[in-house]
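Protein chains in written order, with my numbering: chain A, 8 to 314; chain B, 8 to 314. Where a beta carbon is used, it is the ideal one built from N, C-alpha and C, also for glycine. The model shown is predicted, which means the values in this text are computed figures rather than measured ones. As structure tokens, the structure follows; a few thoughts come after it.
2 protein chains.
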Amino acid sequence: MGHPTLEDVAARAGVSRALVSLVMRGSPKVAEPRRKAVLEAARELGYRPNMMARGLAAGRTGIVGVLLPDLHDPGCAAVHDGLADEAAHGDVRLLATTGRGRPARELAALNDLLDLRPDGVVLCGPRIAAADIERAAAGCPAAVVGRSLRSTRVDCVTGDDTAAVEQAIAHLAELGHRGMACLDVGARPSPLRGACEAAGLTVVTAPEELPRAATAVLALGDTTGTTALTALLRAGRRVPEDVSLIVHGTPPGAEAAQVTTIAPPPAELGRLAMAALLSRVKDGPSAKPQRLTVPPRLDIRTTTAPA
Amino acid sequence: MGHPTLEDVAARAGVSRALVSLVMRGSPKVAEPRRKAVLEAARELGYRPNMMARGLAAGRTGIVGVLLPDLHDPGCAAVHDGLADEAAHGDVRLLATTGRGRPARELAALNDLLDLRPDGVVLCGPRIAAADIERAAAGCPAAVVGRSLRSTRVDCVTGDDTAAVEQAIAHLAELGHRGMACLDVGARPSPLRGACEAAGLTVVTAPEELPRAATAVLALGDTTGTTALTALLRAGRRVPEDVSLIVHGTPPGAEAAQVTTIAPPPAELGRLAMAALLSRVKDGPSAKPQRLTVPPRLDIRTTTAPA
DNA sequence: ATGAAAGCGCTAACAT
DNA sequence: ATGTTAGCGCTTTCAT
Numbered sequence: 008m009g010h011p012t013l014e015d016v017a018a019r020a021g022v023s024r025a026l027v028s029l030v031m032r033g034s035p036k037v038a039e040p041r042r043k044a045v046l047e048a049a050r051e052l053g054y055r056p057n058m059m060a061r062g063l064a065a066g067r068t069g070i071v072g073v074l075l076p077d078l079h080d081p082g083c084a085a086v087h088d089g090l091a092d093e094a095a096h097g098d099v100r101l102l103a104t105t106g107r108g109r110p111a112r113e114l115a116a117l118n119d120l121l122d123l124r125p126d127g128v129v130l131c132g133p134r135i136a137a138a139d140i141e142r143a144a145a146g147c148p149a150a151v152v153g154r155s156l157r158s159t160r161v162d163c164v165t166g167d168d169t170a171a172v173e174q175a176i177a178h179l180a181e182l183g184h185r186g187m188a189c190l191d192v193g194a195r196p197s198p199l200r201g202a203c204e205a206a207g208l209t210v211v212t213a214p215e216e217l218p219r220a221a222t223a224v225l226a227l228g229d230t231t232g233t234t235a236l237t238a239l240l241r242a243g244r245r246v247p248e249d250v251s252l253i254v255h256g257t258p259p260g261a262e263a264a265q266v267t268t269i270a271p272p273p274a275e276l277g278r279l280a281m282a283a284l285l286s287r288v289k290d291g292p293s294a295k296p297q298r299l300t301v302p303p304r305l306d307i308r309t310t311t312a313p314a
Numbered sequence: 008m009g010h011p012t013l014e015d016v017a018a019r020a021g022v023s024r025a026l027v028s029l030v031m032r033g034s035p036k037v038a039e040p041r042r043k044a045v046l047e048a049a050r051e052l053g054y055r056p057n058m059m060a061r062g063l064a065a066g067r068t069g070i071v072g073v074l075l076p077d078l079h080d081p082g083c084a085a086v087h088d089g090l091a092d093e094a095a096h097g098d099v100r101l102l103a104t105t106g107r108g109r110p111a112r113e114l115a116a117l118n119d120l121l122d123l124r125p126d127g128v129v130l131c132g133p134r135i136a137a138a139d140i141e142r143a144a145a146g147c148p149a150a151v152v153g154r155s156l157r158s159t160r161v162d163c164v165t166g167d168d169t170a171a172v173e174q175a176i177a178h179l180a181e182l183g184h185r186g187m188a189c190l191d192v193g194a195r196p197s198p199l200r201g202a203c204e205a206a207g208l209t210v211v212t213a214p215e216e217l218p219r220a221a222t223a224v225l226a227l228g229d230t231t232g233t234t235a236l237t238a239l240l241r242a243g244r245r246v247p248e249d250v251s252l253i254v255h256g257t258p259p260g261a262e263a264a265q266v267t268t269i270a271p272p273p274a275e276l277g278r279l280a281m282a283a284l285l286s287r288v289k290d291g292p293s294a295k296p297q298r299l300t301v302p303p304r305l306d307i308r309t310t311t312a313p314a
């Protein structure tokens, strides 16, 4: 035989199925002796509720699906932490799928998630078409982190990129730097590149291309954050004596390597998104979508110093 | 109304429910005109199969649950890639949960996974008790990556740690290094530390503690990998001129930073684990457990040079 | 090749 | 406080 069912537990405890169901869901209206007996029987049999059956019968699954573009992105990991923290407040379990870098797979992963009939979905930095997101949101409460959609039903939580660039530049300017450059390694151009150019920064895509005159650099991108530091150091330029470095993003090891960073706190983004989603799940589709913008946080460590 | 059901599709296409079910699962024994009509109707209604109902009725869910200790671990991300690659060969969807660093939460996450009645589960570097793993494996095919269990039903795939240390030391020795040290930053001591000590390496837990005499260091741990490099560089020691560095693990940016690494290829671990699991799913619990050990791979980049 | 009918394990409304 | 019952949406024999 496979897994024991509610019925098995009921038989062993000498009660009805419904009573067991009540006990399993922690209903307060079951007499103590009965409850004890039921729990005991369940334990003895090694019973575990079947979420498939429960979800089907209840019309809600208690699942919140999380779509991640890629597990390698440390920013997404931090967002997920925030999601999980906040999810603890609701009666909800997080289940993650990933697109592994390809939009097509991301869409497939999202569809797999939706087939589970989750109570809601969170899309982290989705690369799929806006129309696909909108379609998903039509059938299931949805929140998006790190991308701003014009939508009537999706909650969006994003960092304030322009402010981030401005603050980074301001910090460097305050330290007396005049020659600043922006380093955007990474396969695709960072969404921040535009803001950097607008702010008058020279943008280069490799450390060697940095103008010698630059005494300060703003590096873009989570994954390439500490890479910029090592590249600089190995090129024989001392940091921060010769050149100051600010990284935009939340690279792993930034703290250990003591690099100054600026970024919207990713866990905060996650927390806000989950909070918005949970309230949307509670209030029904009526709730009007929230569009939250989180200010960046500047963590001054030891890679920035006076010019 | 909520989501359209099989019945809705059947009604619209003017056929029976069973026929639609066959079409949805791609059965070959449905006449072409009918099939077309059904698919058309499904598309028009925006039908999506309900996995809860399907899983309940079919007795299998097509889900493989993946338990990750922590999304921040780049090694686990790579393992997951391998799992996903191999999973594409089976008719299976990956769903991930995480313990976020705490064994208690990891166990909870595992239980949530098991409640879904997955066709199988993969545990990546689990920190929970062996008994808990064994219990899980009793009800559901299970594979473990990165930890070796003595079990009659769990497949285990691990890297060969001793060989890794040996090869790292051999590589350094070949380059003429005699003073070698091992750097094990990280909250908990690395499982490799023992092997390093056994090999006669001095183990220190902070870069400053490295003996000046050491001309080569073996750094342990995925997350702290490039950290070791920056710490060395910023301490004014040139790499590899003054000191050679090998990192054990798969730190993000290792390639970009050109650091020499040694590690079992994590994606390979994942691929093997999923392959083992899928064959176990097919063959039933009868299959005897596989215990696979993957040899390390040495990636010589630019942080190691002759003494 | 297609349809009819019996569940899968559970919840929820109702009855007692 | 506890039991009865009718589904939830689907798969799967078994007829036809």
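Of the residues A:C203, A:R219 and A:R244, the one placed nearest G228 of chain A, counting alpha carbons only: Within the first sequence, the letter at position 221 stands for residue 228 of chain A. G228 of chain A has its Cα closest to that of A:C203, out of A:C203, A:R219 and A:R244.
Own chain, CB closer than 8 Å to A242 of chain B, minus 5 neighbours either side, in chain order: Residue mapping note: residue 242 of chain B aligns to position 235 of the second sequence, counting from 1. Around A242 of chain B: P214 and E215.
Distance CB(Q174 of chain A)-CB(I269 of chain A) smaller than 8 Å: Walking along the first sequence from the start, residue 174 of chain A turns up at place 167. Walking along the first sequence from the start, residue 269 of chain A turns up at place 262. Yes. Within cutoff.
Residues bridged to S251 of chain A [DSSP beta-bridge criterion]: Translated into the one-based positions of the first sequence, residue 251 of chain A becomes position 244. Note: S251 of chain A sits in a beta bridge opposite A:A223.
Near-chain A residues of the segment 280-305 of chain B - C-beta to any C-beta below 8 Å: none
CA nearest to the CA of I307 of chain B, picked from B:A143, B:A294 and B:V254: Residue 307 of chain B sits at position 300 when you count from the first residue of the second sequence. The candidate whose alpha carbon is nearest that of I307 of chain B is B:V254.
Cα-Cα separation, L284 of chain A to S293 of chain A: Indexing the first sequence from 1 puts residue 284 of chain A at position 277. Indexing the first sequence from 1 puts residue 293 of chain A at position 286. Cα to Cα, the separation comes out at about 13 Å.
At least three beta-carbon pairs within less than 8 Å, the segment 84-95 of chain A to the segment 92-107 of chain B: yes
contact_flag[the segment 11-31 of chain B, the segment 127-141 of chain A] where n(CB pairs < 8 Å) is 3 or more: The answer is no - the segment 127-141 of chain A does not touch the segment 11-31 of chain B, with fewer than three Cβ pairs under 8 Å.
Of the listed residues B:L239, B:K295 and B:A206, nearest to L217 of chain B (C-alpha basis): Sequence index remark: in the second sequence, residue 217 of chain B carries index 210 (1-based). Per the Cα distances, B:L239.
Closest Cα partner of P125 of chain A within the set B:L114, B:L102 and B:D139: For the purposes of this step, residue 125 of chain A is taken as residue 118 along the first sequence, with counting starting at 1. Of the listed residues, the one whose Cα sits closest to P125 of chain A is B:L102.
Residues of its chain near A170 of chain B, where Cβ-Cβ distance is below 8 Å and the 5 sequence neighbours each way are ignored: Numbered from its first residue, the second sequence carries residue 170 of chain B at position 163. Excluding positions up to five away in sequence, the list reads P302 and P303.
Residue environment, R61 of chain A, which counts as buried when at least 16 other CB atoms sit within 10 Å: Here residue 61 of chain A refers to the residue found at position 54 when the first sequence is read from its first residue. With at least 16 other beta carbons inside 10 angstroms of its own, R61 of chain A counts as buried.
beta-carbon R200 of chain A near the ligand ZN non-hydrogen atom, thresh 7 Å: This structure lacks the ligand ZN; in fact it carries no ligand of any kind.
Pick from A:V161, A:S23 and A:P273 that is closest to I140 of chain A, judged by C-alpha positions: As a first step, residue 140 of chain A must be located in the first sequence, where it is residue number 133. Of A:V161, A:S23 and A:P273, the smallest CA-CA separation from I140 of chain A is found for A:V161.
Three-state class that DSSP yields for I176 of chain B in the structure shown: By one-based count along the second sequence, residue 176 of chain B stands at place 169. The answer is helix: DSSP assigns I176 of chain B an H, G or I state.
Assigned exposure category for E181 of chain A - 16 Cβ within 10 Å defines buried: Taking the first sequence and counting its residues from 1, one reaches residue 181 of chain A at position 174. So E181 of chain A ends up on the exposed side.
Minimum Cβ-Cβ distance from T212 of chain B to chain A less than 8 Å: On the second sequence, position 205 is the one that residue 212 of chain B refers to. Judged by the 8 Å Cβ criterion, T212 of chain B is not in contact with chain A.
Interfacial residues, the segment 56-68 of chain A to chain B, with Cβ spacing under 7 Å: P56, N57, M58, M59, A60, G62, L63 and T68
L75 of chain A in three-state terms, based on DSSP: Indexing the first sequence from 1 puts residue 75 of chain A at position 68. Correct three-state label for L75 of chain A: strand.
Coil, strand or helix - A91 of chain A by DSSP: As a first step, residue 91 of chain A is located in the first sequence; it is residue number 84 there, counting from the start. Helix.
Within 8 Å, strictly: CB atoms of R41 of chain B and L26 of chain B: Indexing the second sequence from 1 puts residue 41 of chain B at position 34. Indexing the second sequence from 1 puts residue 26 of chain B at position 19. Going by C-beta atoms, R41 of chain B is nearer than 8 Å to L26 of chain B.
Three-state class that DSSP yields for D119 of chain B in the structure shown: As a position in the second sequence, residue 119 of chain B is number 112, starting the count at 1. If DSSP states are grouped into helix, strand and coil, D119 of chain B belongs with the helices.
G201 of chain A to V164 of chain A span [Cα, whole Å]: As a first step, residue 201 of chain A must be located in the first sequence, where it is residue number 194. As a first step, residue 164 of chain A must be located in the first sequence, where it is residue number 157. Straight-line spacing of the CA atoms in G201 of chain A and V164 of chain A works out to 20 Å.
Contact check, C147 of chain A vs G127 of chain A, beta carbons under 8 Å: For the purposes of this step, residue 147 of chain A is taken as residue 140 along the first sequence, with counting starting at 1. For the purposes of this step, residue 127 of chain A is taken as residue 120 along the first sequence, with counting starting at 1. A contact, by the Cβ cut-off of 8 Å.
Residue from A:A264, A:A149 and A:G207 whose Cα sits closest to the Cα of S286 of chain A: Taking the first residue of the first sequence as 1, we reach residue 286 of chain A at position 279. Looking at the Cα atoms, A:A149 is the closest of the given residues.
Bounding residues of the beta strand (DSSP E) (the contiguous stretch that carries A103 of chain B): Here residue 103 of chain B refers to the residue found at position 96 of the second sequence. Per DSSP, A103 of chain B belongs to the beta strand (DSSP E) from R100 to T105.
Contact set between G146 of chain A and chain B, taken where Cβ atoms lie within less than 7 Å: Here residue 146 of chain A corresponds to residue number 139 of the first sequence, with the count starting at 1. Here the neighbours are H10.
CB-CB length for D191 of chain B against T222 of chain B, believed under 8 Å: Position 184 of the second sequence holds residue 191 of chain B. Position 215 of the second sequence holds residue 222 of chain B. Rounded, the Cβ-Cβ distance is 19 Å, inconsistent with contact.
A235 of chain B (DSSP reduced to helix, strand or coil): The residue you call residue 235 of chain B lines up with position 228 of the second sequence. Three-state DSSP puts A235 of chain B in a helix.
Collapsed DSSP secondary structure at V22 of chain B in the structure displayed: Taking the first residue of the second sequence as 1, we reach residue 22 of chain B at position 15. Coil at V22 of chain B, not helix or strand.
Sequence-distant residues of its chain with Cβ nearer than 6 Å to A48 of chain B (five each side left out): As a working mapping, residue 48 of chain B is identified with position 41 in the second sequence. If we look at A48 of chain B and ignore the five residues flanking it on each side, its Cβ neighbours are V16, R19 and A20.
Alpha-carbon spacing of L120 of chain A relative to G72 of chain A, whole angstroms: On the first sequence, residue 120 of chain A is found 113 positions in, with the first residue counted as 1. On the first sequence, residue 72 of chain A is found 65 positions in, with the first residue counted as 1. If you take the alpha carbons of L120 of chain A and G72 of chain A, they lie about 6 Å apart.
3-residue-minimum beta strand (DSSP E) runs that sit fully inside the segment 130-211 of chain B, ordered along the chain: 149-152, 161-166, 187-190 and 209-211
Supposed contact pair L74 of chain A and L123 of chain A - C-beta distance, whole angstroms, cut 8 Å: Counted from its first residue, the first sequence places residue 123 of chain A at position 116. Counted from its first residue, the first sequence places residue 74 of chain A at position 67. The beta carbons of L123 of chain A and L74 of chain A sit about 12 Å from each other, so the pair does not count as a contact at 8 Å.
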